[in-house]
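Residues in the sequence shown are numbered from 159 upward in steps of one, following this note's numbering. Yeah, the Cβ is synthetic: ideal placement off N, Cα and C, and Gly gets one too. Working notes for the structure below.
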Amino acid sequence: MTDEKLDQILKQALAPEISDKEIRIHRRRKDKMRKSDRIKIVLAAAVTAAVIGIGGLGYFNPAFAAKIPLIGKIFEKIEDDVVYSGDYSEKGTVLTNEDHAGSLDTADYTVSDQGITLTASEVYCDGYSIFLTVNIESEDADFTHIPKHYTGMNAADDRTAAGFYIDGTWSVDRSSPEWLENRFDGAAIDSHTFAGMLKIDLAKKHTGSGELNLNVTGLGYDDDRMLDAEEISASHWTDGSWNIVIPFEVNTTDVKTIEVGEKKGNITLENVVVSPYQVIVHATTPGEQRELTDDRREKLLSKDPDMTDAEMFELLGWSFEPCQTICFDQDGEMLYPGMEMAGRAGFAVQGKEIKKLYVFIFDNFDDWMQMEKEGMNSSAAGRAVISKEIQVE
159 MTDEKLDQIL
169 KQALAPEISD
179 KEIRIHRRRK
189 DKMRKSDRIK
199 IVLAAAVTAA
209 VIGIGGLGYF
219 NPAFAAKIPL
229 IGKIFEKIED
239 DVVYSGDYSE
249 KGTVLTNEDH
259 AGSLDTADYT
269 VSDQGITLTA
279 SEVYCDGYSI
289 FLTVNIESED
299 ADFTHIPKHY
309 TGMNAADDRT
319 AAGFYIDGTW
329 SVDRSSPEWL
339 ENRFDGAAID
349 SHTFAGMLKI
359 DLAKKHTGSG
369 ELNLNVTGLG
379 YDDDRMLDAE
389 EISASHWTDG
399 SWNIVIPFEV
409 NTTDVKTIEV
419 GEKKGNITLE
429 NVVVSPYQVI
439 VHATTPGEQR
449 ELTDDRREKL
459 LSKDPDMTDA
469 EMFELLGWSF
479 EPCQTICFDQ
489 DGEMLYPGME
499 MAGRAGFAVQ
509 GKEIKKLYVF
519 IFDNFDDWMQ
529 MEKEGMNSSA
539 AGRAVISKEI
549 QVE
């Protein structure tokens, strides 16, 4: 994608306008962060700057820290503001236990390095993604200056959360390591404490129980006092080693799979999964949909640790044609789009009761952008390769 195209996407996708200077700053941020989902990171960073530009910086509420104990209650504290919001009270599993004195025992899920302590708190898995809450503590930090980014569809929703960058790998049940592509969404509890949630998308549907091996090699955050600096990306970044093994159990309660099997042109809408916190659209696109072996993946990553699957396919001469998906609920409200990869597009439910879905799949990114901007009644709807009404209830 060209820089000019990226500029156009940034300006069209954000509710508040951002300047060309801010775009250039965030382009440098993209290069430094070394994430495989490069476009997503730039967009998130741009939203951060936009919120600061219009929303004021005094968001920290000292009374927040005085509420009930943090460990084991992070879902409760941040579930209304993060991207994948919703009621986790009866879904998440608390990882910590109380000892005989009534104190929380976090020994198995706490690791410290470089003056930063990371404690895993709760976990939920719907079979397709793992949602993990963590507590991050550092005596030398001032987390109250972490800027916020939008987590709702519109600025008027007044939904924002602070972001904490993360680098490293993850694996499930000794599978081949995958690069961490998301960040912690959450809130600064006080100067030295950050509570956040990380969403990890599984390559294949998981059943039963499992173990998540989280290998964090870097943690960082932006500082709203440095927005005018030449380089503001993760202005507080620390390399280190924080490794935690987290057991989880797949919870299939309220998880529905609706088989579709509709093919038009070169795209097939296979099925739609609706879970309490996300909607996943599975679609196949033309090209060689081969699966990389672990050995081949490791050889390619040894040459370039930041290489994405799409880049690996291109290097190997394997091709697939991407598609762009957009979803609306029964009220015509667009669902918050997450990461889209070959075969899978994810959307945040954000507390909505999903009774019906309208799914549109495009093979032209400009058409997707037009519909994202204009809504379900956009003229671009007629140019979708697949448009499907799906009854959920």
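Nonlocal neighbours in the same chain, by C-beta distance under 7 Å from residue i, ignoring five residues either side
i: M529; result: I484, F518, S536, A538, A539
i: Y217; result: Per-residue confidence for Y217 stands at a pLDDT of 38, beneath the threshold of 50, marking its modelled position as unreliable; no derived number is given.
i: D489; result: none
i: K249; result: Y282, N409, P434
i: K422; result: V543, I544
i: Y246; result: F233, E237, Y282
Status (buried if at least 16 other CB within 10 Å, exposed otherwise) for residue i
i: K357; result: buried
i: S367; result: exposed
i: E532; result: exposed
i: S433; result: buried
i: T365; result: exposed
i: K231; result: buried
i: E297; result: exposed
i: D521; result: buried
i: R383; result: exposed
i: S460; result: exposed
i: R332; result: exposed
i: S477; result: For S477, the predicted structure reports a pLDDT of 47, less than 50, and the residue's modelled location is therefore unreliable. A value from the coordinates is still provided. S477 is exposed by the Cβ-count criterion.
i: I425; result: buried
i: S177; result: Note that S177 scores a pLDDT of 39, beneath 50, so its modelled location is shaky; the value from the coordinates is reported in the next line. With fewer than 16 Cβ atoms within 10 Å of its Cβ, S177 is classed as exposed.
i: T277; result: buried
i: A314; result: exposed
i: P495; result: buried
i: T254; result: buried
i: I548; result: buried
i: T291; result: buried
i: D325; result: buried
i: T318; result: buried
i: I416; result: exposed
i: E551; result: exposed
i: A265; result: exposed
i: D462; result: exposed
i: G376; result: buried
Residues of its chain near residue i, where Cβ-Cβ distance is below 8 Å and the 5 sequence neighbours each way are ignored
i: T351; result: A223, L228, N293, I294, E295, F301
i: G244; result: E237, P434, Y435, V507, Q508, G509
i: M492; result: M311, I484, C485, F486, E530, G533, M534
i: S349; result: A299, D300, F301, T302
i: K514; result: D487, Q488, E547, I548, Q549, V550, E551
Close-in-space but distant-in-sequence residues of the same chain around residue i (CB under 6 Å, 5 per side omitted)
i: T251; result: V281
i: P323; result: Just to set this straight, residue 323 is Tyr in the shown sequence, not Pro. Correct list, in chain order: R341, G378, A392.
i: V241; result: T309, D343, A506
i: V418; result: L427, N429
i: I304; result: A320, A346, Y379
i: S329; result: P335, N371
Start and end residues, beta strand (DSSP E) containing residue i
i: K514; result: 514-520
i: D524; result: Unbroken run through D524 is the alpha helix (DSSP H), 523-532; no beta strand (DSSP E).
i: V431; result: 425-432
i: K414; result: 414-422
i: Y308; result: 306-308
Residue i - partner residues in DSSP beta bridges
i: C481; result: The partner list for C481 (beta bridge, DSSP) is empty, contrary to what the question assumes.
i: T369; result: Here residue 369 turns out to be Glu, not Thr, going by the sequence shown. In the DSSP output, where bridge partners are listed per residue, E369 has P405.
i: G344; result: A320, G354
i: R541; result: According to DSSP, R541 bridges with nothing at all.
i: D487; result: L515
i: P495; result: F505
i: E336; result: W328
i: I438; result: V431, G504
i: V281; result: T251, L290
i: V269; result: L276
i: H394; result: Y379
i: S296; result: I274
i: D239; result: Looking at the DSSP assignment, D239 forms no beta bridge with any residue, so it has no partner.
i: K156; result: There is no way to answer for residue 156, as the model of the chain reaches only from 159 to 551.
i: D359; result: S287
First through last residue of the alpha helix (DSSP H) which encompasses residue i
i: I232; result: 232-236
Any non-hydrogen atom of the ligand HEM within 7 Å of residue i CB
i: A441; result: For the structure depicted, the ligand HEM is absent and the ligand set is empty, with no information on it obtainable.
Neighbour flag for residue i against chain D, beta carbons, 8 Å
i: T365; result: No chain D is part of this structure, which consists of one protein chain only.
* To do: Mind the definition here: the stretch 399-412 touches the stretch 268-278 only if three or more C-beta pairs lie below 8 Å; say whether that holds.
  => Verdict: yes, contact present.
- [ ] Could you tell me whether the stretch 435-443 touches the stretch 489-508, where touching means 3 or more Cβ pairs closer than 8 Å?
- [x] yes
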